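Okay, so the sequence shown: first residue is 4 according to this note's numbering, each after it adds one.
Just so it is clear, CB atoms sit at the ideal spot from N, CA and C, and this is done for glycine as well.
Given the structure is predicted, the values throughout are model-derived calculations rather than measurements.
Report on the following structure.
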Amino acid sequence: MTRLTEYSRGPHTFDVIDAGPEDGTPVVLLHGFPQRATCWDAVAPLLHQAGARTYAPDQRGYSPRARPRSRFSYRVGEVIDDAKALIDQVGQPVHVVAHDWGAMVGWGLAARYPEVVRSLTAVSVGHPAAFMRSMLRSTQGLKSYYMALFQLPFVTEWLLSRRGGLGERLLRNAGMSREMLDTYFTEIVEDGALRGGLGWYRSLPISLRGDYFRRVSVPTTLLWSTNDVALGRKQAELTRDFVTGPYELVEMDGASHWIPDQEPKQLAEVIIARAAL
């Protein structure tokens, strides 16, 4: 059986880390901002031991051959269909695990294409409708102040690309370790992926309506951590209102936003339980 190292959709080609037993249960791992597929390096081997074959793509804006410049290219519907194209390459329904912005893609896949999603494990970010509702019912709006900052062209790139600058301070305050910060500067800043990653935020004003806000019927687990500085409790609690299938909210006490990197064992246990690996 051939390993999948890349796949294409339209003019864009995406790199993929395909690992684990070749006949394993397919699990797609979707990263968030500002990270790439390597954020799953500590989680994937634990899933392989449980019999999973994992596919971790570098998503739009991150893969070197999939970095369009226009913010219109990063609309939520586009990045959801990128992930659907990967699943089409896999050739069968998959379990989806998704963190941060990747979770937005995961929710959208489950809403738009439930026939190809066997289960969803969303990490940190709840259902997009629950997130939007929480902006009006909690301090989520204050926690998300950086989303407005990220709309500024050129200035944001400059601020986030300087060692010791605003970007490093924001990420350190969010719980990133020195090793993770080094990876950020190598894989995102130096490799030229920062502008593409910011494109996801800059598409938000034109992405606030769509079928990815529909309720989700696939079996779903949301894993949220109490020390997440970016995502509050209310968006996690409200998510239950937008899942009609089997659902569980798992609260990880004391963990930061960066669950895949810092709590791989606990995350893997949650994934294995949801996917029944």
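Asked, Found
"Simplified DSSP state of Arg72, which is helix, strand or coil", "coil"
"Ala271 and Ser228 closer than 8 Å at C-beta", "no"
"Simplified DSSP assignment, three categories, for His51", "helix"
"Arg121 versus Gly178: straight-line alpha-carbon distance, rounded", "32 Å"
"Ser11 in three-state terms, based on DSSP", "strand"
"The region 206 to 226 touching the region 80 to 94, judged by at least three CB pairs closer than 8 Å", "yes"
"Nearest neighbour of Thr247, chosen from Phe134, Leu145, Leu184 and Ala113 [CA to CA]", "Ala113"
"Helix, strand or coil at Ala247 [DSSP, three-state]", "Note that residue 247 corresponds to Thr in the displayed sequence, not to Ala. Thr247: coil per DSSP, three-state reduction."
"Range covered by the alpha helix (DSSP H) that runs through Trp227", "Not the alpha helix (DSSP H): Trp227 falls in the beta strand (DSSP E), residues Thr223 to Ser228."
"Contact the region 43 to 54 vs the region 23 to 31: 3+ CB pairs below 8 Å", "yes"
"The alpha helix (DSSP H) enclosing Thr28, as first and last residue numbers", "Thr28 -> not in any alpha helix (DSSP H); beta strand (DSSP E) instead, spanning Thr28 to Leu33."
"Residue interval of the alpha helix (DSSP H) (run including Arg236)", "Arg236 to Leu241"
"Closest Cα partner of Leu184 within the set Pro37, Thr16 and Thr8", "Pro37"
"Whole-angstrom distance between Ala233 and Arg277, CA atom to CA atom", "25 Å"
"For Leu280 and Leu49, the rounded distance between their alpha carbons", "11 Å"
"Span separating the alpha-carbon of Arg166 from that of Phe134", "31 Å"
"C-alpha gap between Leu169 and Leu33, whole angstroms", "26 Å"
"Ala101 - containing beta strand (DSSP E), residue span", "Val97 to His102"
"Supposed contact pair Asp85 and Met63 - C-beta distance, whole angstroms, cut 8 Å", "According to the sequence as given, residue 63 is Arg; it is not Met. That pair is a contact at about 5 Å."
"Leu155 (DSSP reduced to helix, strand or coil)", "coil"
"Cβ-based neighbour list, His98, same chain, cut-off 6 Å, excluding 5 preceding and 5 following", "Val30, Arg121, Ser122 and Ala278"
"Straight-line Cα distance separating Gly35 from Leu201", "11 Å"
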